[in-house]
Amino acid sequence: MTPKHFKRYLVTSALPYANGPLHLGHLAGVYVPSDIYVRYLRQRGREVISICGSDEHGVPITLKARNEGISPQEVVNRYHELNKKAFRDFGISFDIYSRTSNRIHYETASEIFKTLYDKDVFVEKTSEQYYDEEAATFLADRYITGTCPHCGNPGAYGDQCEQCGTSLSPTDLINPVSTISGSQPVLKETRHWYLPLDRYEPWLRQWILEQHREWKPNVYGQCKSWLDQGLQPRAVSRDLDWGIPVPVENSEGKVLYVWFDAPIGYISATKELTPDWEKYWKDKETRLVHFIGKDNIVFHCIIFPTILKAEGSYILPDNVPANEFLNLENDKISTSRNWAVWLHEYLEDFPGKQDVLRYVLCANAPENKDNDFTWKDFQSRNNNELVAILGNFVNRTIVLTHKYFDGIVPEITALTGQDKAVLEEISTIASGVEQSLELFRFREAVQKAMDLARLGNKYLAETEPWKVIKTDAERVRTILNISLQITANLTLLLDPFLPFSMEKLRGFIQFEGRSWELIGTPDLLKAGHMLGKASLLFEKIEDEQIQAQLDKLMKNRTENGETEQLPAPKEEITFDDFTRMDLRSGTILEAEKVPKTKKLIKMVVDLGFEQRTIVSGIAEYYEAETLPGKKVTVLANLTPRTIRGIESKGMILLSENPEGTLHFVEPSAEAKNGAAIN
RNA sequence: GGCGAGGUAGCUCAGGUGGUUAGAGCGCAUGAUUCAUAAUCAUGAGGUCGGGAGUUCAAGUCUCCCUCUCGCUACCA
Numbered sequence: 000m001t002p003k004h005f006k007r008y009l010v011t012s013a014l015p016y017a018n019g020p021l022h023l024g025h026l027a028g029v030y031v032p033s034d035i036y037v038r039y040l041r042q043r044g045r046e047v048i049s050i051c052g053s054d055e056h057g058v059p060i061t062l063k064a065r066n067e068g069i070s071p072q073e074v075v076n077r078y079h080e081l082n083k084k085a086f087r088d089f090g091i092s093f094d095i096y097s098r099t100s101n102r103i104h105y106e107t108a109s110e111i112f113k114t115l116y117d118k119d120v121f122v123e124k125t126s127e128q129y130y131d132e133e134a135a136t137f138l139a140d141r142y143i144t145g146t147c148p149h150c151g152n153p154g155a156y157g158d159q160c161e162q163c164g165t166s167l168s169p170t171d172l173i174n175p176v177s178t179i180s181g182s183q184p185v186l187k188e189t190r191h192w193y194l195p196l197d198r199y200e201p202w203l204r205q206w207i208l209e210q211h212r213e214w215k216p217n218v219y220g221q222c223k224s225w226l227d228q229g230l231q232p233r234a235v236s237r238d239l240d241w242g243i244p245v246p247v248e249n250s251e252g253k254v255l256y257v258w259f260d261a262p263i264g265y266i267s268a269t270k271e272l273t274p275d276w277e278k279y280w281k282d283k284e285t286r287l288v289h290f291i292g293k294d295n296i297v298f299h300c301i302i303f304p305t306i307l308k309a310e311g312s313y314i315l316p317d318n319v320p321a322n323e324f325l326n327l328e329n330d331k332i333s334t335s336r337n338w339a340v341w342l343h344e345y346l347e348d349f350p351g352k353q354d355v356l357r358y359v360l361c362a363n364a365p366e367n368k369d370n371d372f373t374w375k376d377f378q379s380r381n382n383n384e385l386v387a388i389l390g391n392f393v394n395r396t397i398v399l400t401h402k403y404f405d406g407i408v409p410e411i412t413a414l415t416g417q418d419k420a421v422l423e424e425i426s427t428i429a430s431g432v433e434q435s436l437e438l439f440r441f442r443e444a445v446q447k448a449m450d451l452a453r454l455g456n457k458y459l460a461e462t463e464p465w466k467v468i469k470t471d472a473e474r475v476r477t478i479l480n481i482s483l484q485i486t487a488n489l490t491l492l493l494d495p496f497l498p499f500s501m502e503k504l505r506g507f508i509q510f511e512g513r514s515w516e517l518i519g520t521p522d523l524l525k526a527g528h529m530l531g532k533a534s535l536l537f538e539k540i541e542d543e544q545i546q547a548q549l550d551k552l553m554k555n556r557t558e559n560g561e562t563e564q565l566p567a568p569k570e571e572i573t574f575d576d577f578t579r580m581d582l583r584s585g586t587i588l589e590a591e592k593v594p595k596t597k598k599l600i601k602m603v604v605d606l607g608f609e610q611r612t613i614v615s616g617i618a619e620y621y622e623a624e625t626l627p628g629k630k631v632t633v634l635a636n637l638t639p640r641t642i643r644g645i646e647s648k649g650m651i652l653l654s655e656n657p658e659g660t661l662h663f664v665e666p667s668a669e670a671k672n673g674a675a676i677n
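Using numbering that gives the first Met the number 0, read the first sequence as starting at 0 and increasing by one per residue.
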């Protein structure tokens, strides 16, 4: 639990995927916590490096490139630079921000693959996958479209139908079409290498479930869930032309699967940073910590450690403080719906306020469960905490010092019991912050750190220097000296959280100290020291600014919202096509939920000429008991299909709203059972 | 359906190994104060700790059942 036995720290932050810009969810979940952590460690003088970079391989990038008519490299170049700049702008202090399209990464990933290959770690398997004969290439799932077997959407992708949300495999699609050439793909055998996670399961159980019980509950639980469900071998290669070529013979057209090479990017980046990289990756006295979001838990807790373990010479992560997700104004952040706050846009609207966002995201970080970011909360934390508590204390201290002592730190004349208690309290607060940080409890840490500013305000309120000055100027010297010491200590204590503001504050008081170990020192500022020029540390955020952000979000929502969610018009058909469908009016006689399913209801429907058993996935929208007597439209000549052991003869027609709710298409009351619909 | 994570004051959250009147911040009310960006300080009101049963001298904290939210997974128009 206590990290004392570690000599040095290797901190990694999830490599952002280089096919889009960063939003505040990324910052809150991964980069703000990791940056606070490494800044704190540096300040303590610990040996630490912070590693990050762009993850630049994988199918989505090739798709984006294809859509825009540019090369994958151009896509990743664009977002690598954009995201690198966003991190820099927000003071995320990586020691290196690398990228997985670098040569050194190709070498590192290839080497590790080779090592595992030579050790016979992989299993080779042949399977059938779609192949585009015109383009002479295997097709990734996303490159295949076809008709969804479930909802009939003709534009479903090979991995998922975006209309009904079902996840698919390419062979499920009806009439599959290659999006590359438009031709009909054929199934062809292909050979791939698999990482046999199942063989490492006993070891993983031991290592995680026994030896890392201290991991956060959400992380530990997620791992347990995966382990209990049983691990399967996972393909480490793919047929694709964008990525790291599989470094063995007879592997033309095959690259490493992006999940295999991405985490190795941490290693390559370390190599790029320092020739001394091995002491970080191979010395047991290094503490490896991965900061990630919850979507990455399986890769960092199960797959990557398995790779490292199989390789044999690397250390394993000591902790993986994964955060949950941040919602935005009560809704999931969504890139495709443009429901997000983009980092570069934030800085345009709130220039110079990166610390405000860092603060709010830390204080409200989704550490244990999904959390909600609202602009109103952003405003109130800024106005009530940063401005009113921290900024205000600093300001009143500096203003009083200028007013009474011309900006020169006055000397201590005599210490009262209260003065001593306040000075001692500084160290107590600091050690509380330390404890929280060591346990990755960042929201608690920042809360505790702010207590020092609260203490300062309380001290001023109780000692009332503005009153005492009229009767006892000597006493005021001590009071302001102590207030200034608190201010100087604040610059140290809050620096990991608010680096820009503390830099500014150091300028206000002309203080140079940086070391964490100085915290608690009662004379950081010597008597006679001249303060610098000061201004306001934080400013209020007005309602109009908040409303503008809300309006911007709502505008985006209506623009790419509901209308685009409606399915695209289908291609024209003939009357003949239509008449092939035998649509009938019917009435539900019986209905019961199919046991052990979430969505299925089994119904008996009266079609006049006969009674049919039909299974339908509507249990999430209708109670079985309410259904008997309901009139429905039935597609009567659909090929029967056995679902959960029940033969379903026909299909009940339902309308589906953009948000996914289902509603019966009901014939009017006069329609008799079995009446044809045409 | 299976697995996992959650459901604690109006809001956001803390609550090692069960033990006196369940905590913090914000919000709210009242009072004090004016050095300060009408900021600050003090006091107070507010909780059947999702519901039920059980173990125990004693449960927010352990066991079981139920319920709601989120994630993964299965099944599925």
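Where a beta carbon is used, it is the ideal one built from N, C-alpha and C, also for glycine.
Boundaries (first-last residue) of the beta strand (DSSP E) holding residue i
| i | result |
| --- | --- |
| A590 | 582-592 |
| N678 | The displayed coordinates of the chain run from 0 to 677. Any statement about residue 678 would go beyond what the structure contains. |
| R198 | Segment 196-203 is the alpha helix (DSSP H) holding R198; no beta strand (DSSP E) there. |
| D238 | 236-238 |
| D605 | 600-605 |
CA nearest to the CA of residue i, picked from the options
| i | options | result |
| --- | --- | --- |
| N367 | V122, Q221, Y116, P639 | Q221 |
| I680 | F663, G607, Q610 | It is not possible to answer for residue 680, since the shown part of the chain is limited to 0 through 677. |
| A452 | Q378, Y199, I425 | I425 |
| I388 | W258, K447, V408 | K447 |
| L588 | I613, R579, I572 | I613 |
| L325 | V31, P639, S654, A623 | V31 |
| K63 | K6, M602, W241 | W241 |
| G512 | F441, V29, H343, A487 | A487 |
| K278 | Y8, D575, P639, T625 | Y8 |
| E624 | I645, M602, S49 | M602 |
| L479 | E543, R442, D405 | D405 |
| V257 | A675, P184, Y105 | Y105 |
| L346 | I103, G57, H22, L491 | H22 |
| E310 | D522, T412, D275, Y199 | Y199 |
| W465 | Y403, V74, S100, D227 | Y403 |
| R442 | L454, R380, K6 | R380 |
| D294 | T641, L653, V29 | V29 |
| N101 | A27, A261, H25, V58 | A261 |
Nonlocal neighbours in the same chain, by C-beta distance under 7 Å from residue i, ignoring five residues either side
| i | result |
| --- | --- |
| K283 | I314 |
| L327 | W338, A339, V340, F372 |
| D330 | W338 |
| S109 | I243, P246 |
| V297 | W225 |
Endpoints, alpha helix (DSSP H) assigned at residue i
| i | result |
| --- | --- |
| Y129 | From DSSP, Y129 is part of no alpha helix (DSSP H) but of the beta strand (DSSP E) over 122-131. |
| R41 | 31-42 |
| P216 | 216-228 |
| V355 | 353-362 |
| S680 | Residue 680 cannot be examined here, being either before or after the span of the chain that is shown, 0 to 677. |
| E271 | 257-272 |
| L346 | 342-348 |
| M501 | 498-508 |
| Y279 | 276-280 |
| T578 | 574-578 |
Close Cβ partners of residue i (< 6 Å) along its chain, the five nearest in sequence each way excluded
| i | result |
| --- | --- |
| C51 | S12, F93, Y96 |
| V122 | Y193, P195, P232 |
| T125 | E188, R190 |
Subject >> Complete alpha helix (DSSP H) runs within the segment 422-491 (minimum length 4 residues, chain order) >> reply: 441-462, 464-467
**OP:** Examine the Cβ distances between the segment 582-591 and the segment 627-641 and report whether three or more of them are shorter than 8 Å.
**Re:** The segment 582-591 vs the segment 627-641: in contact.
**OP:** For the segment 49-134, list the beta strand (DSSP E) runs that are entirely contained and at least 3 residues long, ordered along the chain.
**Re:** 95-98, 122-131
**OP:** Run through the segment 290-319 for me and flag every whole alpha helix (DSSP H) of 4 or more residues, listed as ranges in chain order.
**Re:** 303-310, all fully within the segment 290-319.
Original post:
Are the segment 304-311 and the segment 193-213 in contact at 8 Å, needing three or more beta carbon pairs?
Top reply: yes
Original post:
Where are the beta strand (DSSP E) runs, 3 residues long or more, that stay fully inside the segment 384-429, in chain order?
Top reply: none
**OP:** Specify whether the segment 426-444 and the segment 30-48 touch according to this definition: at least 3 beta carbon pairs, one from each stretch, less than 8 Å apart.
**Re:** Yes: the two stretches touch, three or more of their Cβ pairs being nearer than 8 Å.
**OP:** Count the CB pairs spanning the segment 244-253 and the segment 78-86 that are closer than 8 Å, and state whether there are at least three.
**Re:** The answer is no - the segment 78-86 does not touch the segment 244-253, with fewer than three Cβ pairs under 8 Å.
Original post:
Are the segment 47-61 and the segment 14-22 touching, with three or more C-beta to C-beta distances below 8 Å?
Top reply: yes
**OP:** Count the C-beta pairs between the segment 416-431 and the segment 526-546 that are closer than 8 Å, then say yes if the count reaches three, no if not.
**Re:** no
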